[in-house]
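Read top to bottom, the protein sequences are chains A and B. Every letter in the first sequence is one number past the one before it in numbering that gives the first Met the number 0, and letter 267, counting from 1, is 266. Every letter in the second sequence is one number past the one before it in numbering that gives the first Met the number 0, and letter 82, counting from 1, is 81. Here a beta-carbon is modelled for each residue, glycine too, at the ideal position from N, C-alpha and C. Since this is a predicted model, take the numbers as computed values, not measurements.
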Amino acid sequence: MVLSLNTEQKQRCFRHLERVLDPLKAGAADCYLNLGGIKTMRIVSCDPEAIWMIRRQLAWSLSAPVSAPDATLVLWRESSVRDFLCRGLGLEMADEGTEETILVLRDGGKWIPFGRINAADGRVCLSDKQTFYYGVGSFDPEEWIREGHLFVQFLYRVLDTPSSHLVHGACIGMDGNGVLICARGQRGKSTLAVTAMLQGCEYVSDDYLILEQTSSTLLASPVYSIITLSPQMYSALYDRMDRARFVCNNARKDKYVFDISGYGASLRRRYPVRVGLFPVIDPSAGQAAITPCSSAEKGRAITHLIHSTVQQMQAQGDTVAVRKLVSMLQGLPFYTITLSPDIHGNATCLRDFLHSLQ
Amino acid sequence: MPLVYGISCIPFNKIDIEHMEHLNYQLNESKMYADVTDGIAIIINAVTGIYYGMNGYGTGIFENLMAGSSLEDILVAARALPDAPQGLEEPVRAFLDTLEAFEIVLPAPESSRPASLKAEDAAFDQFVPVCKEYRDVQELLFADPIHEVQEDKGWTPEKE
């Protein structure tokens, strides 16, 4: 359901938010992020436990305090999302069946979204310029990774500049050549990233990364210092993951989340992307192979990455973002990597391929 | 500008049904990128940034078209599905008109290939293929009814 509010009603909503946050401020803690050298962000959490989880999951983006961050994210534990909606808007609850309510400011003939309240998920998201507010019923570790990471829709908005964007994918770099892996979940990208990291690659970012187009180069930067693996893959890699630390399960409890910042000393934080890679798992393949994409396959890979990104960031309909991502990607050569059951052989194949690009 | 098809060279508005049944299409690769993931086709217009999504039945038709099936091949397959309704051709033709209007597909040389459609997708989508255009955040909002908030009274009925 979409609720259209006027300016006064929006202000009333934010006054209610202030009343909710005021008593919580005394116990708040904060930290700062440097997002790929492009933007800075302050995170204020009224739940100190959340700060610990941020430190474990965003270690590569943590920074010293900055005096004027580009954006602020305020977190609090909201016990009753429906109640928030009623009191914040001065409404009697009219529709118990409504799961998601989008709040929009009516501005002439346009509606500008500024809030999303999901009673089913127990989440309140509000934004006012570059300040974002996020109330959620639970900051339990498992809740941080549900369909995507807890913060991506905020980070996406902060990083949405004319030359940069947060994307859903992975990147691996070696010998000065980075590959952007265009794949959603269950396509082997995390396993490939971990095995490549264990074979000495110079750059890894899994699940989300920042793409920045400079005048001559497409650069990748990590946001999160975590990687998610299935229990089976973790078991297969157990003996070699001596510097990875278990953080939590994901919400579905079918993946383990690891902090890989222990490998940070040998990994670079910005890396040139030279090619795109579309992984295809083939259980019958004897060994991995990398072949150039046809134009249709390249289109498929680009569509895959963009669709996955806009879905995760809830940015469908953002044609400017789609055009920007297309312009970043369409000049890259694309390859298909056929992944075999030999996970170390797959990483070796990728390493040899990157070396051959010299 | 009248649309002219490569093989028949007949302006679109002059094509009779018999000609239409044998139409073939290909992806407009000069500006469109396409992917089918988890049974859903996603198309991106690289020039405009407009993003298109199809329902399951539409995705099946689109995949068959891209594989070389003609409209007639697709209609034959659709008519053979369980509970295929009378008049199922019209929504399929409207769907193809939409794909052309969005410039997602272009006419292709005539070819024939037996089509295969999933009965469960057709039934779920009530034999109506859909290609939805996402071109504006505003339009996403309109996917839901917009309610004006009246303080202390709750929200009003759906805005006209």
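If we ignore side chains and look at the alpha-carbon of each, how far apart do residue i and residue j end up?
i, j, result
"ALA93 of chain A", "SER137 of chain A", "Legend: pLDDT at ALA93 of chain A = 47, less than 50; position of this residue unreliable, value from coordinates given subsequently. Cα to Cα, the separation comes out at about 25 Å."
"TYR207 of chain A", "GLN152 of chain A", "11 Å"
"ALA250 of chain A", "SER29 of chain B", "41 Å"
"PRO332 of chain A", "CYS181 of chain A", "13 Å"
"ALA83 of chain B", "ALA77 of chain B", "7 Å"
"THR227 of chain A", "ASP106 of chain A", "42 Å"
"VAL1 of chain A", "GLY108 of chain A", "15 Å"
"LEU102 of chain A", "LEU84 of chain A", "10 Å"
"GLN85 of chain B", "GLY330 of chain A", "48 Å"
"GLU71 of chain B", "GLY298 of chain A", "27 Å"
"THR6 of chain A", "PHE13 of chain A", "11 Å"
"ASN27 of chain B", "GLU102 of chain B", "7 Å"
"ALA114 of chain B", "VAL127 of chain B", "17 Å"
"GLU160 of chain B", "PRO221 of chain A", "Missing from the structure shown is residue 160 of chain B; chain B here goes from 0 to 159 and no further."
"GLY263 of chain A", "GLN10 of chain A", "44 Å"
"ALA107 of chain B", "LEU87 of chain B", "23 Å"
"CYS292 of chain A", "ALA33 of chain B", "14 Å"
"VAL129 of chain B", "ALA195 of chain A", "42 Å"
"GLY36 of chain A", "PHE61 of chain B", "43 Å"
"ASP341 of chain A", "SER283 of chain A", "11 Å"
"SER260 of chain A", "ALA28 of chain A", "22 Å"
"ASP82 of chain A", "ILE209 of chain A", "36 Å"
"VAL256 of chain A", "ILE144 of chain A", "9 Å"
"GLY134 of chain A", "SER229 of chain A", "29 Å"
"TYR233 of chain A", "PHE245 of chain A", "10 Å"
"ASP46 of chain A", "MET52 of chain A", "11 Å"
Cβ of residue i less than 8 Å from any chain A Cβ?
i, result
"THR47 of chain B", "yes"
"GLU71 of chain B", "no"
"THR97 of chain B", "no"
"ASP82 of chain B", "no"
"ARG112 of chain B", "no"
"ARG134 of chain B", "yes"
"GLU102 of chain B", "no"
"GLU62 of chain B", "no"
"THR58 of chain B", "no"
"ALA33 of chain B", "yes"
"TYR50 of chain B", "yes"
"GLU28 of chain B", "yes"
Measure how close the beta-carbons of residue i and residue j come, nearest whole angstrom, since I'm counting them as under 8 Å.
i, j, result
"LEU179 of chain A", "LEU276 of chain A", "7 Å"
"LEU98 of chain B", "VAL104 of chain B", "5 Å"
"VAL279 of chain A", "THR337 of chain A", "5 Å"
"TYR133 of chain B", "GLY172 of chain A", "In fact, because the Cβ distance is near 33 Å, the residues do not count as touching under 8 Å."
"GLY67 of chain B", "ARG112 of chain B", "4 Å"
"VAL73 of chain A", "VAL43 of chain A", "5 Å"
"ILE301 of chain A", "LEU328 of chain A", "5 Å"
"ASP258 of chain A", "ALA58 of chain A", "7 Å"
"TRP75 of chain A", "LEU23 of chain A", "6 Å"
"ASP124 of chain B", "ASN54 of chain B", "5 Å"
"PRO161 of chain A", "CYS247 of chain A", "36 Å between Cβ atoms; not a contact."
Beta-carbon within less than 7 Å of residue i's beta-carbon, same chain only, minus the 5 sequence neighbours each way: which residues are those?
i, result
"VAL46 of chain B", "LYS30"
"LYS38 of chain A", "ASP69, ALA70, VAL157 and LEU158"
"TRP81 of chain B", "Per the sequence shown, the amino acid found at residue 81 of chain B is Pro instead of Trp. Closer than 7 Å at Cβ, skipping near neighbours: ALA118."
"ASN44 of chain B", "LYS30 and MET31"
"GLN313 of chain A", "GLN152"
Hey, does residue i have any beta-carbon neighbour from chain B nearer than 8 Å?
i, result
"THR302 of chain A", "yes"
"GLY316 of chain A", "yes"
"ILE305 of chain A", "yes"
"SER294 of chain A", "yes"
"GLY35 of chain A", "no"
"VAL246 of chain A", "no"
"GLN329 of chain A", "yes"
"ARG55 of chain A", "no"
"ARG14 of chain A", "no"
"GLY298 of chain A", "yes"
"ARG322 of chain A", "yes"
"ARG183 of chain A", "yes"
"VAL325 of chain A", "yes"
Give every residue of the same chain whose Cβ lies closer than 6 Å to the Cβ of residue i, excluding the five residues on either side of it in the sequence, and list them in chain order.
i, result
"ALA121 of chain B", "TYR56 and LEU80"
"ASP205 of chain A", "ALA169, SER189, ALA192 and ILE226"
"ARG183 of chain A", "SER307"
"LEU353 of chain A", "MET173, ASP174 and ASN176"
"PHE131 of chain A", "LEU72 and PHE153"
Can you list, in chain order, the residues of its chain with a C-beta nearer than 8 Å to that of residue i? Leave out the 5 residues immediately preceding and following it.
i, result
"SER265 of chain A", "GLY199 and GLU201"
"TYR31 of chain A", "THR39, MET40, ARG41, ILE42, LEU61, SER62, ALA63, PRO64, VAL65 and PRO68"
"PHE113 of chain A", "LYS9, LEU102, VAL103, LEU104, LEU125, SER126 and ASP127"
Q: Entirely within the segment 129-213 of chain A and at least 4 residues each: give me those alpha helix (DSSP H) ranges in chain order.
A: Correct list: 151-158 and 188-197.
(Q) Going residue by residue through the segment 62-130 of chain B, where are the continuous beta strand (DSSP E) segments of at least 3 residues, counting only ones entirely within it? (A) Those beta strand (DSSP E) runs which fall completely within the segment 62-130 of chain B and span 3+ residues are 104-106.
Q: Ignoring anything shorter than 4 residues or poking outside the segment 300-330 of chain A, list the alpha helix (DSSP H) runs there in chain order.
A: Listed in chain order, the complete alpha helix (DSSP H) runs (minimum 4 residues) inside the segment 300-330 of chain A are 318-328.
Q: Tell me the start and end of each unbroken beta strand (DSSP E) in the segment 225-255 of chain A that is at least 3 residues and wholly inside, in chain order.
A: Counting only runs of 3 or more, we get 225-228 and 244-248.
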